[in-house]
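Just so we're aligned: the sequence shown equals residues 291 to 573 in the numbering used here.
Just so it is clear, CB atoms sit at the ideal spot from N, CA and C, and this is done for glycine as well.
Since we're looking at a predicted model, the values are computed, not measured.
Okay, structure first, notes after.
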Amino acid sequence: MPKVSSVIVPYAAYLRVYEPLAAFPDEERAHWARYARRPDRPSYQDELRRSLADLLPTPPVAVPVHESADAFVAEADGVVCVCPWRTRLRGWQALGELAEDFPEPVLDALIPPVVRRQSTQDYERWLLRNPDARPWIRTATWQVPINWFVLVSDEEREYDAGGAGPGAAAPVLRYRTPMVQARRRVARGLRALREAVDEGPLIDGLVDVGRWLEEFHPRSLVELDYGGLVHALPAGELADDHSAADVAEGIDALRHGDGAAAGAAYGRLVERWRAVRDRRSAN
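This is the structure in structure tokens:
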């Protein structure tokens with residue numbers, strides 16, 4: 291499969307759910323079974339490059355015309371699991387969120403109003419036929435949402451520093467955990483937070499991600515992948531990044547009524563991610 295470009299596209303992190311083949315209808319299951327055996331499966335960078343290339347024409351293609359037939363593949367306890375890209379669905383959803391990130395004049399310059407209106411109408415018609423649709427992938431730019439770290443444990447952290455020089459493999463930092471563990475951590479985290487603090491964005495975000503996880507097969511695999519954010523963090527800081535441990539320590543401190551320890555853990559987290567946020571606002 292040809293790539294649009296060899297350029298690395300930062301800076302997004304991903305929360306993915308890999309479902310076992312048994313979770314899919316027969317016809318789709320057969321497709322993913324064949325797909326999982328392919329040696330030339332594309333990467334998340336390929337998906338991003340295609341999406342960016344679609345924005346170059348005039349008018350731009352805000353959302354793919356056809357749904358992607360690609361997926362990520364992983365194995366959990368000997369069971370093949372897949373995470374469908376569903377690029378079209380995610381594109382529609384992301385388009386609806388753009389108004390929160392850009393003022394209208396900037397948004398109009400990026401994607402003309404007529405293109406946005408047409409995409410919105412297409413999505414509304416599609417939803418009438420697919421009311422239960424949900425993506426297998428969540429994306430966050432320039433950050434990893436704190437509530438994502440609640441799902442994983444520092445012991446599940448996988449770090450590869452990558453290589454050096456042109457063409458070398460990029461660093462990888464990710465966590466993978468069984469669905470049952472992720473759901474259990476959401477429940478425990480919510481209980482601790484609700485007992486310690488008022489309702490707020492962290493609780494709301496954790497409720498939202500918990501509801502999303504409930505829509506998938508219980509034998510699924512949950513993955514938190516730093517994706518392109520590895521290019522926004524200096525190598526030394528990336529190697530020392532144990533944000534999931536800080537979040538777990540903070541929640542445990544709240545559970546035991548230790549506000550000072552919870553504040554210290556949160557402070558480490560904020561300080562670590564400040565440099566990334568600063569780069570987001572740099573021009």
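Could you say which of the options lies nearest to residue i if we only look at CA atoms?
{"i": "R473", "options": "T377, S443, A459", "result": "S443"}
{"i": "S533", "options": "P332, F314, R484, P435", "result": "P435"}
{"i": "Q335", "options": "P347, H356, A430, Y301", "result": "Y301"}
{"i": "A638", "options": "A538, V462, A458", "result": "Any answer about residue 638 is impossible in this case: the structure gives the chain only from 291 up to 573."}
{"i": "S525", "options": "V396, F362, Y325, A460", "result": "For the sequence presented, residue 525 should be read as Ala rather than Ser. When only C-alpha atoms are compared, the closest one is A460."}
{"i": "R406", "options": "A352, M469, P393", "result": "A352"}
{"i": "L311", "options": "L544, E527, R509", "result": "R509"}
{"i": "D412", "options": "P354, A399, E448, N437", "result": "P354"}
Within the continuous beta strand (DSSP E) that includes residue i, where are the two ends?
{"i": "A303", "result": "302-310"}
{"i": "E365", "result": "361-366"}
{"i": "I427", "result": "427-431"}
{"i": "T467", "result": "462-468"}
{"i": "R447", "result": "447-450"}
Excluding the five sequence neighbours on either side, which residues of its own chain have a C-beta within less than 6 Å of the C-beta of residue i, listed in chain order?
{"i": "I541", "result": "G479, A482"}
{"i": "R233", "result": "The requested residue 233 does not occur in the structure, where the chain is confined to residues 291 to 573."}
{"i": "T467", "result": "V442, E446, V512"}
{"i": "R419", "result": "none"}
{"i": "A303", "result": "A430, V434, Y516, G517, L519"}
{"i": "A366", "result": "L511"}
{"i": "D344", "result": "V351"}
Leaving out five residues before and five after residue i in sequence, what residues of the same chain have Cβ atoms less than 7 Å from its Cβ?
{"i": "R570", "result": "W432"}
{"i": "A384", "result": "none"}
Along the alpha helix (DSSP H) that carries residue i, what are the first and last residues, could you check?
{"i": "R376", "result": "From DSSP, R376 is part of no alpha helix (DSSP H); its letter is neither H nor E."}
{"i": "R327", "result": "Counting along the chain, R327 falls outside any alpha helix (DSSP H), and DSSP gives it neither H nor E."}
{"i": "L342", "result": "334-344"}
{"i": "D422", "result": "Counting along the chain, D422 falls outside any alpha helix (DSSP H), and DSSP gives it neither H nor E."}
{"i": "R436", "result": "Note that residue 436 is Ile in the sequence shown, not Arg. From DSSP, the alpha helix (DSSP H) with I436 extends over 436-439."}
Rounded to whole angstroms, how far is the Cβ of residue i from the Cβ of residue j, which I believe are closer than 8 Å?
{"i": "W382", "j": "D360", "result": "In fact, because the Cβ distance is near 17 Å, the residues do not count as touching under 8 Å."}
{"i": "R340", "j": "H356", "result": "Not really, about 12 Å apart at Cβ, beyond 8 Å."}
{"i": "V369", "j": "F439", "result": "Not quite, the Cβ-Cβ distance comes to about 26 Å (not below 8 Å), so this is no contact."}
{"i": "E505", "j": "R424", "result": "5 Å"}
{"i": "Y449", "j": "A529", "result": "7 Å"}
Got a sec? Which residues, its chain only, sit under 8 Å from residue i by beta carbon, not counting five neighbours each side?
{"i": "V297", "result": "Only weak support exists for where V297 lies, its pLDDT of 45 falling under 50; the value from the coordinates is given anyway. Closer than 8 Å at Cβ, skipping near neighbours: R339."}
Just list the beta strand (DSSP E) runs in the stretch 495-557, keeping only unbroken ones of 3 residues or longer that don't cross its boundaries, in chain order.
511-515
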